[in-house]
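Q: Numbering (my numbering), first residue to last: 6 to 290. Here it is, the structure, as structure tokens.
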Ligand code: PAF
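As structure tokens, this is what we get:
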């Protein structure tokens, strides 16, 4: 696996793979890779002949006071994991390679609708930063397909919408959330948790499972289910940010007769913001 830092080197390597008739798969990341990222690369390797991953901690998607500076940079360990997962080329650019004219004058991509509410409400500008960098990375790599984790459910919806709206010929593949044995969704930010917080953290997923269970039993009083689950989060020591039941396809607030639902939550545990979601398919009536 080669690691390149410049757009010129990236384009040359991808052009060579294309000239050999290879399909290009792409996995954009911010590094500090865990088994969730590895699964994305493995999926890309199953579906494409030449897999490109990127590691770029994108300043444009971090708000003031967020963890941009402390976000872990673990290049050597990441390179080993990527190689083992079947990656052929790692793009690891500096900020100046991605934003050569600075970020202030950078053209932005904003995806209305699905970017609003949920993390879009708690992290203003976040999805514009994600959509902008992903658009740039797509134009740089020009992949046939790209793989994103369902753990970032709203982000995946934003990427699907942007590819559709901007007519990009890229297949977007959602990959299932990878979880620790106790249910905690794998995340680069789990490393911020101390031992006590780490043992509390799976409560977030359990609060989603409790709602899912009730929904499957026929409960439809969404507000009551949400209140009870947020109480469960608070009792465990979380400061809830949001907990919502939405239509899993449109991400609009769930209607009483929706069958394809997703429960999404974000909550603060100490200084760490955790997110999770759970899709619930209800039998049609
Ligand atoms: O999910 C992430 O790691 C980032 O948001 C992404 C998609 C790599 C864009 O910076």
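No residue lacks a Cβ here, since even glycine has one placed at the ideal position from N, Cα and C.
Pull up the CB-CB distance for residue 180 and residue 45, whole angstroms please, since I reckon it's below 8 Å.
A: If you number the chain shown from 1, residue 180 lands on position 175. If you number the chain shown from 1, residue 45 lands on position 40. Sure, about 5 Å apart at Cβ, within 8 Å.
Q: Run through the DSSP bridge pairs and tell me what residue 30 is partnered with.
A: Here residue 30 corresponds to residue number 25 of the chain shown, with the count starting at 1. Bridge partners of residue 30: 56, 150.
Q: Find out if the Cβ-Cβ distance for the pair residue 29, residue 55 is shorter than 8 Å.
A: By one-based count along the chain shown, residue 29 stands at place 24. By one-based count along the chain shown, residue 55 stands at place 50. For residue 29 and residue 55, yes; Cβs fall inside 8 Å.
Q: For the pair the region 205-219 and the region 265-282, tell me if three or more CB-CB distances fall below 8 Å.
A: yes
Q: Checking the sheet assignment: what are the DSSP bridge partners for residue 269?
A: Here residue 269 corresponds to residue number 264 of the chain shown, with the count starting at 1. Residue 269 pairs with 249, 282.
Q: With a cut-off of 8 Å on the beta carbons, I'd call residue 33 and residue 142 a contact; round off their distance for me.
A: Locating residue 33 in the chain shown gives position 28, where the first residue counts as 1. Locating residue 142 in the chain shown gives position 137, where the first residue counts as 1. The pair is a contact, with the Cβ atoms about 5 Å apart (cut-off 8 Å).
Q: Does the Cβ-Cβ distance between residue 277 and residue 198 come in under 8 Å?
A: Locating residue 277 in the chain shown gives position 272, where the first residue counts as 1. Locating residue 198 in the chain shown gives position 193, where the first residue counts as 1. The answer is yes: Cβ separation under 8 Å.
Q: Heavy atom of the ligand PAF less than 7 Å from the Cβ of residue 33, yes or no?
A: Numbered from its first residue, the chain shown carries residue 33 at position 28. Checking the Cβ of residue 33 against the ligand PAF gives yes.
Q: Can you tell me whether DSSP reads residue 48 as helix, strand or coil?
A: Here residue 48 corresponds to residue number 43 of the chain shown, with the count starting at 1. DSSP places residue 48 in helix when its eight states are reduced to three.
Q: Can you tell me whether residue 36 is buried or exposed? The criterion is at least 16 other CB atoms within 10 Å of its CB, across all chains shown.
A: Counting from one through the chain shown, the residue named residue 36 turns up at place 31. That one is buried.
Q: Thinking just about the alpha-carbon of each residue, which of 41, 87, 115 is nearest to the one in residue 182?
A: Taking the chain shown and counting its residues from 1, the one referred to as residue 182 is at position 177. The shortest C-alpha separation from residue 182 is found at 41.
Q: Quick check: does the Cβ of residue 138 come within less than 7 Å of any heavy atom belonging to the ligand PAF?
A: Translated into the one-based positions of the chain shown, residue 138 becomes position 133. It does: the Cβ of residue 138 is within 7 Å (strictly closer) of some heavy atom of the ligand PAF.
Q: I'd like to know whether the C-beta atoms of residue 256 and residue 234 end up nearer to each other than 8 Å.
A: Within the chain shown, residue 256 is the residue found at index 251, counting from 1. Within the chain shown, residue 234 is the residue found at index 229, counting from 1. No.
Q: Is residue 160 near the ligand PAF, with its Cβ less than 7 Å from a heavy atom?
A: Counted from its first residue, the chain shown places residue 160 at position 155. Yes, Cβ of residue 160 sits closer than 7 Å to a heavy atom of the ligand PAF.
Q: Determine which residues share a DSSP beta bridge with residue 179 and list them.
A: On the chain shown, position 174 is the one that residue 179 refers to. In DSSP, residue 179 forms a bridge with 153.
Q: Where does residue 190 fall in DSSP's three states?
A: Locating residue 190 in the chain shown gives position 185, counting from the first residue. In the structure shown, residue 190 falls within a strand segment according to DSSP collapsed to helix, strand and coil.
Q: Verify whether the separation of the beta carbon atoms of residue 114 and residue 31 is less than 8 Å.
A: Looking up residue 114 in the chain shown gives position 109. Looking up residue 31 in the chain shown gives position 26. Contact flag unset, no.
Q: Return the first residue and the last residue of the alpha helix (DSSP H) that residue 100 is part of.
A: Numbered from its first residue, the chain shown carries residue 100 at position 95. Element bounds for residue 100: 100-103.
Q: Does the Cβ of residue 190 have 16 or more other Cβ atoms within 10 Å, making it buried, or fewer, making it exposed?
A: Counting from one through the chain shown, the residue named residue 190 turns up at place 185. Residue 190 comes out buried.
Q: Secondary structure at residue 2, three-state DSSP: helix, strand or coil?
A: It is not possible to answer for residue 2, since the shown part of the chain is limited to 6 through 290.
Q: With distances taken from CA atoms, which of 119, 130, 193, 13 is nearest residue 158?
A: Along the chain shown, read from residue 1 onward, the residue named residue 158 stands at position 153. Residue 119 is the option with its Cα nearest to residue 158.
Q: Which stretch, first to last residue, makes up the beta strand (DSSP E) that contains residue 8?
A: The residue you call residue 8 lines up with position 3 of the chain shown. It spans 7-9 - the beta strand (DSSP E) in which residue 8 sits, taken as one unbroken run.
Q: Helix, strand or coil for residue 174, going by three-state DSSP, please let me know.
A: For the purposes of this step, residue 174 is taken as the residue at position 169 of the chain shown. Of the three classes helix, strand and coil, the one that applies to residue 174 here is coil, per DSSP.
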